[in-house]
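Report on the following structure.
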Amino acid sequence: MSSEKPRVISGRRRGLASERIAISVLEELGYRVLEVGRKIVINNTEIGEVDVVVEDSSGEKYAVEVKAGRLDVGGVRQAYVNALVIGAKPMVICKGFADDAARELAERLGVKVVQLSDVFLVESEELYSIVREVVEEVLTEYFELFYGYTVQLKQEHYELLSAIYSSTSIEEAAEKLNVDVSALAKRIDELRRQGIIPKWASKYSSVRRVAQILLQKQSVVSALEESRRLVESLKSLVDQLKVLQSTLHLLTQQLTKTQQVLLKPGKQSEENKQVVETNS
4 MSSEKPRVIS
14 GRRRGLASER
24 IAISVLEELG
34 YRVLEVGRKI
44 VINNTEIGEV
54 DVVVEDSSGE
64 KYAVEVKAGR
74 LDVGGVRQAY
84 VNALVIGAKP
94 MVICKGFADD
104 AARELAERLG
114 VKVVQLSDVF
124 LVESEELYSI
134 VREVVEEVLT
144 EYFELFYGYT
154 VQLKQEHYEL
164 LSAIYSSTSI
174 EEAAEKLNVD
184 VSALAKRIDE
194 LRRQGIIPKW
204 ASKYSSVRRV
214 AQILLQKQSV
224 VSALEESRRL
234 VESLKSLVDQ
244 LKVLQSTLHL
254 LTQQLTKTQQ
264 VLLKPGKQSE
274 ENKQVVETNS
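Below, the structure written as structure tokens:
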């Protein structure tokens, strides 16, 4: 009988799994993910974090709190305050209400609550398998992105990708490009339509990693192209040296023959002089 113990997943990993599931649910409901793990900072002091920031089809932003369990009164208050601070509407994704007080407070404060079905309740072994499969799929997608075909990029694409890669948030990238967030989001969507950014990269963090890979891929391609040009230049230089060596060899032969020709009349004159002296 096997004594192997089942894998135990920590609370942090369980929270991350719930967050991934919540993001999938939000995307299925038609929301667009703008940020994950949005820090709340007041007077240079970090006071909290919003799990996910999304936008609906009308452009309305929501600050989403993801609860691994049921929503209580404290959770409702937290979601309401966090959304208020960042200027968004509050939303909570959970597995139901802890009690009637939490439900009534959410209704009174206008906190939108999305309750996950029990189908999302998984055991640790199942969760481990799910996460493993997701990691394998993600690695495959990124390898295909690096080694696969890429649409020819223009200078404007590199400027946009560089701004995204060097920015930790879409707001920061928009500021670097001197555009508002909605305009930058439209430009990112245009990159998706052009096939430059894959459609599966919906979160800004994913878009940023894709930008990093595309920029690094271009650097590798440029380095290889430069190496190819250098090798061709070296081959051309070797050929030129061979031609020069052959030319020098021919010149040497011609000089030798010329010297021989010039020396013959002098030798003949010396011989004639010796004959005259003998006859005398």
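The sequence shown stops at residue 283 when you use the numbering used here, and every number in between is there.
Using N, Cα and C, we set each Cβ at its ideal position, and we do this for glycine too.
Small disclaimer: the values here were computed from a predicted structure and weren't measured.
Quiz prompt | Inter-residue spacing [alpha-carbon to alpha-carbon] between residue 32 and residue 222 | solution = 38 Å
Quiz item: Looking at C-alpha atoms only, which residue of 25, 35 and 216 is the closest neighbour of residue 206?
Solution: Per the Cα distances, 35.
Quiz item: Looking at the unbroken alpha helix (DSSP H) that takes in residue 177, where does it start and where does it end?
Solution: 173-180
Quiz item: Apart from the five residues just before and just after residue 76, which ones in its own chain have a Cβ nearer than 6 Å to its Cβ?
Solution: 104, 105 and 108
Quiz item: Is the beta carbon of residue 190 less than 8 Å from the beta carbon of residue 163?
Solution: yes
Quiz item: Roughly how many whole angstroms lie between the Cα atoms of residue 156 and residue 218?
Solution: 10 Å
Self-check item: For residue 220 and residue 70, the rounded distance between their alpha carbons
Solution: When rounded, the distance between both Cα atoms is 38 Å.
Quiz item: Going by other Cβ atoms of all chains shown within 10 Å of its Cβ, with 16 needed for buried, is residue 41 buried or exposed?
Solution: That one is buried.
Quiz item: By the 10 Å Cβ neighbour count, where 16 or more other Cβ atoms means buried, how is residue 50 classified, buried or exposed?
Solution: Exposed, because fewer than 16 other Cβ atoms sit within 10 Å of the Cβ of residue 50.
Quiz item: Nearest CA to the CA of residue 29: which residue from 252, 57 and 265?
Solution: The closest CA to that of residue 29, considering only 252, 57 and 265, is found on 57.
Quiz item: Would residue 81 be called buried (16 or more neighbouring beta carbons within 10 Å of its own) or exposed?
Solution: buried
Self-check item: The beta strand (DSSP E) enclosing residue 38, as first and last residue numbers
Solution: 35-45
Quiz item: Going straight from the alpha carbon of residue 188 to that of residue 62, what length do you get?
Solution: 11 Å
Quiz item: What residues in its chain sit with their C-beta under 8 Å from that of residue 22, if we drop five residues either side in the sequence?
Solution: 39, 54, 55 and 69
Practice problem: Return helix, strand or coil for residue 90, following the three-state DSSP convention. | Solution: Looking at residue 90 - three-state DSSP - the assignment turns out to be coil, as it is neither helix nor strand.
Quiz item: So the beta strand (DSSP E) residue 68 belongs to, where does it begin and stop?
Solution: 64-69
Quiz item: What residues in its chain sit with their C-beta under 7 Å from that of residue 200, if we drop five residues either side in the sequence?
Solution: 191, 194, 210 and 213
Exercise. Per DSSP, which residues does residue 74 bridge with? Please list them.
Key: 100
Quiz item: Between residue 160 and residue 173, what straight-line distance do the alpha-carbon atoms span, to the nearest angstrom?
Solution: In this structure, the straight-line span from the alpha carbon of residue 160 to that of residue 173 is close to 16 Å.
Exercise. Measure the CB-CB distance between residue 45 and residue 52 and report whether it falls below 8 Å.
Key: No, these two residues do not count as a Cβ contact at 8 Å.
Exercise. Enumerate in chain order the residues of its own chain whose CB-to-CB distance from residue 73 is below 7 Å, with the five nearest sequence positions on each side excluded.
Key: 97, 98, 99, 100 and 101
Quiz item: Between which two residues does the beta strand (DSSP E) harbouring residue 200 extend?
Solution: Unbroken run through residue 200: none, as it is neither H nor E.
Quiz item: With a CB to CB cut of under 6 Å and the five nearest residues on each side skipped, what residues in its chain are close to residue 64?
Solution: So the qualifying residues of the chain are 58 and 91.
Practice problem: Kindly list the residues whose CB is nearer than 8 Å to the CB of residue 79, restricted to its own chain and excluding five residues on each side of it in sequence; keep chain order. | Solution: 95, 105, 108, 109, 112 and 114
Quiz item: How far does the beta strand (DSSP E) with residue 118 in it reach, from first residue to last?
Solution: 115-118
Quiz prompt | Contact under 8 Å by Cβ, residue 166 with residue 176 | solution = For the 8 Å CB-CB criterion, residue 166 and residue 176 form a contact.
Practice problem: Have a look at 67, 234 and 227 and flag the residue whose alpha-carbon is nearest the alpha-carbon of residue 118. | Solution: Of the candidates 67, 234 and 227, 67 places its Cα closest to the Cα of residue 118.
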